Structure formats: structure tokens, C-alpha cells
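Asker: The structure that follows is given in the form of C-alpha cells.
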Amino acid sequence: MSGEQTYIERTRSTIEAIESALRTKFKADDSAPIPLTYRDRTYNLRNRSARILVAATISDDYLREHGEFNQLALDKWRDKGEQGQRPSPVSVDTALLDRLTDALLYEELTDERPDKMTLEEYPIMSEHQEERRRDNEYADVLAESYDASGKNRAEPVRRVRTAREQRFVEKLARKKNRERKARYKRDTSPGSVEESASQSFSQCVGIAEKWRSFTGREEIVEEKPALIAA
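Start counting at 1 in the sequence shown, then tack on 79, and there's your number in my numbering.
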């Protein structure tokens, strides 16, 4: 029948039902049971022992049907006189079965206490908690360059600027260059003629005659050589 689910689809849907029930009801009420019916039997998922039983049943059914699937392909090949390449067995979906393990350890994996690693004798971390802890850890090699007093003896290495920092530095440099260019142009351009300066300069007319009459010395004038006609 084309509408009938395969053993993989049935197992996946059952595991999804377990995950959904635990996610929505486990922390909502600590005392209410969480029922799950599988193969005409109802299990209380709030009880870890019940989860172990249903997980074992689901896993056994999956492995049995998985083996029957590989054996059926092998039998068809033999019925055809072993013509062609021998069918390779399909591997077990370990990721799907690992989700059953996560359901068994639901209490530990959903424990978000930051000090869980020190409070529990055998703490278990989820993938998210393990990644978060790994991000907050530092490699041991970072402490190799520190002495007993805590001073870093490693050769200093200049940090490479990020793209954002580099854009900021270039923007600031362009601003300083514009200000420097404007200041240089202002300092080297000719200034305006002031009227007071021209009046003081015109008052100097006749000072040479006055000085000559006062000292009694004749002004020596250098004679210019006559031009020779060509």
C-alpha cells in the first residue's frame, strides 16, 4: 500500500511525539503524568523507568524491521539468480536513535543551572551547553608566556585592525588631510594690502635728503656705464 509508512517514518514520528510531549508538559506540572501510547501500551514519560522501557521497545522494533529490510533486498537478489551486484546493506540511522537517548536524559539536558558542573557528581551537558562552555574556555598555550608573577613575557604582536576600524582610520586621515591642505593654502596665499601700511611708507619720502644735510656728507651715486651702440 502506497500510503503505509515505512519503519523509519513510524520510528521518527514516535520519537517526535515523545520529544513534543516532554517539551510542552514536562516542566508545566511536576506531578501530572505524561501519557504516551505505543503498541497498545501506555507509558508515563515523566517517569524515567517508563521512558527507558518505551525507548528500548522502539529501538528493538526499529532494529528488527531494519534487519528485515536488508534481508528482503538480499533475498530478492538471490531469487534472481544472484545476477548483478550484491545489494549493500543499509546503515542504521544512528542520529535517529540518539534522539531516544536524549529523551532518557531529558532532566539532565534541560538543566540550565550555570553551576551544574560543580553541583552534580556526574553532570551531563547538552550540545548547546557544551558549545557555550567551549566558547568561554581558553587554550592552555595562552598561559605559557606568563611567569610566576603573572606578567606576560611573550613578544608583543600588534593586533590587526578590523575592517570597521580600518574604515574609521581612513576617514579620520582624510579629514585631517583636508584641514592641513586648507591651512597651508591659507598660510601661503598673498595677503590684502592695508591702507595704514601705505601711509606710513609714504611718510619716508625725503628722509635721505634730511640725513645728508644733517651729516654734511654727499650721497655717492654709482654711475651707470654708457651703452655701447652696436
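A virtual CB, placed ideally from N, CA and C, is assigned to each residue, including glycine.
These numbers were taken from a predicted model, which means no experiment stands behind them.
#1: How would you write the range of the alpha helix (DSSP H) that R211 sits in, first residue to last?
#2: Roughly how far, in whole angstroms, is the beta-carbon of I97 from the beta-carbon of L124, given that I think they are within contact range, below 8 angstroms?
#3: Below 7 angstroms CB to CB, which residues in the same chain sit around A182 once its five sequence neighbours on both sides are set aside?
#4: If E161 and Y86 are in contact, beta carbons under 8 angstroms, what's the gap, nearest whole angstrom?
#5: Go to L115, then tell me how far its alpha helix (DSSP H) extends in each direction, as first and last residue.
#6: If we count the other Cβ atoms within 10 Å of its Cβ and call it buried at 16 or more, is I245 buried or exposed?
#7: Taking buried to mean at least 16 other C-beta atoms within 10 Å of its own C-beta, is Y185 buried or exposed?
#8: At the level of alpha carbons, what is the spacing between R291 and G285?
#9: So, for K104: in the same chain, excluding its five sequence neighbours on each side, which residues have a beta-carbon less than 6 angstroms away from its beta-carbon?
#10: Classify Q208: buried if its beta carbon has 16 or more other beta carbons within 10 angstroms, exposed otherwise.
#11: I need the boundaries of the beta strand (DSSP E) containing R120, first residue and last residue.
#12: Tell me the DSSP secondary structure of Y86 in three-state form.
#13: Kindly indicate which three-state DSSP category Y201 falls into: helix, strand or coil?
#14: Around the Cβ of T241, are there at least 16 other Cβ atoms within 10 angstroms (buried) or fewer (exposed)?
#15: Whose C-alpha, out of S138, D190 and S167, is nearest the C-alpha of T173?
#16: Can you tell me whether Y201 is buried or exposed? The criterion is at least 16 other CB atoms within 10 Å of its CB, across all chains shown.
#17: Taking a contact to mean a Cβ-Cβ separation below 8 angstroms, would you say T136 touches R118 in this structure?
#18: Go ahead and pull the three-state DSSP assignment for N126.
#19: Since I203 and L179 are thought to touch, with beta carbons under 8 angstroms apart, how far apart are those beta carbons, to the nearest angstrom?
#20: Tell me whether Y263 is buried or exposed, calling it buried when 16 or more other Cβ atoms sit within 10 Å of its Cβ.
#21: Assign Y225 to one of three DSSP states: helix, strand, or coil.
#22: Enumerated in chain order, which unbroken segments of the beta strand (DSSP E) with a length of 3 residues or greater are wholly contained in the segment 231-280?
#23: From M80 to R89, what does the alpha carbon distance come to, in whole angstroms?
#24: Using only the alpha-carbon positions, how far apart do R243 and K255 sit?
Answerer: Once the coordinates are examined:
#1: Here residue 211 refers to the residue found at position 132 of the sequence shown. In the DSSP assignment, R211 falls within the alpha helix (DSSP H) that extends over E206 to D214.
#2: Looking up residue 97 in the sequence shown gives position 18. Looking up residue 124 in the sequence shown gives position 45. About 6 angstroms separates the beta carbon of I97 from that of L124, a gap short enough to meet the 8 angstroms contact definition.
#3: Residue mapping note: residue 182 aligns to position 103 of the sequence shown, counting from 1. In chain order, I97, E98, L101, R130 and A134 place their CB closer than 7 angstroms to the CB of A182, counting only its own chain and leaving out the 5 sequence neighbours on each side.
#4: Along the sequence shown, read from residue 1 onward, the residue named residue 161 stands at position 82. Along the sequence shown, read from residue 1 onward, the residue named residue 86 stands at position 7. Taking C-beta atoms under 8 angstroms as the contact rule, E161 and Y86 fail to qualify, at a distance of about 26 angstroms.
#5: Start at 1 with the first residue of the sequence shown, and residue 115 comes out as number 36. Secondary structure note for L115: it is in no alpha helix (DSSP H), and the uninterrupted beta strand (DSSP E) holding it is P114 to Y117.
#6: Working through the sequence shown from its first residue, we reach residue 245 at position 166. Checking the sequence, you will find Gln at residue 245 rather than Ile. It counts as exposed.
#7: Here residue 185 refers to the residue found at position 106 of the sequence shown. The residue in question, Y185, is buried, as its Cβ has 16 or more Cβ neighbours within 10 Å.
#8: In the sequence shown, counting from the first residue as 1, residue 291 sits at position 212. In the sequence shown, counting from the first residue as 1, residue 285 sits at position 206. The alpha-carbon separation between R291 and G285 amounts to approximately 10 angstroms.
#9: For this step, residue 104 is matched to residue 25 along the sequence shown. The residues are I113.
#10: Indexing the sequence shown from 1 puts residue 208 at position 129. By the C-beta density criterion, Q208 is buried, having at least 16 other C-beta atoms within 10 angstroms.
#11: Counting from 1 along the sequence shown, the entry for residue 120 is found at position 41. Counting along the chain, the beta strand (DSSP E) containing R120 begins and ends at R120 to N123.
#12: Counting from 1 along the sequence shown, the entry for residue 86 is found at position 7. Residue state, collapsed to three classes: helix.
#13: As a first step, residue 201 must be located in the sequence shown, where it is residue number 122. In the three-state reduction of the DSSP assignment, Y201 falls in the coil class.
#14: Indexing the sequence shown from 1 puts residue 241 at position 162. The residue is exposed, with fewer than 16 neighbouring Cβ atoms inside 10 Å.
#15: Taking the sequence shown and counting its residues from 1, the one referred to as residue 173 is at position 94. The option with the nearest alpha carbon to T173 is S138.
#16: Numbered from its first residue, the sequence shown carries residue 201 at position 122. Counting of Cβ neighbours within 10 angstroms places Y201 among the exposed residues, the total staying below 16.
#17: Indexing the sequence shown from 1 puts residue 136 at position 57. Indexing the sequence shown from 1 puts residue 118 at position 39. Contact flag set, yes.
#18: As a working mapping, residue 126 is identified with position 47 in the sequence shown. Reduced to three states, the DSSP call for N126 is coil.
#19: Along the sequence shown, read from residue 1 onward, the residue named residue 203 stands at position 124. Along the sequence shown, read from residue 1 onward, the residue named residue 179 stands at position 100. Contact doesn't hold; Cβ gap of about 15 angstroms is too wide.
#20: As a working mapping, residue 263 is identified with position 184 in the sequence shown. Counting Cβ neighbours within 10 Å, Y263 comes out exposed, since fewer than 16 surround it.
#21: As a working note, residue 225 is residue 146 in the sequence shown. Correct three-state label for Y225: strand.
#22: Taken in chain order, no unbroken stretch of beta strand (DSSP E) lies wholly in the segment 231-280 with a span of 3 residues or more.
#23: By 1-based counting over the sequence shown, the position of residue 80 is 1. By 1-based counting over the sequence shown, the position of residue 89 is 10. Below a pLDDT of 50, predicted positions are generally treated as unreliable, and M80, at 45, falls in that range; no measurement from the model is reported.
#24: Translated into positions along the sequence shown, residue 243 becomes position 164. Translated into positions along the sequence shown, residue 255 becomes position 176. Going from the Cα of R243 to the Cα of K255 covers about 19 angstroms.
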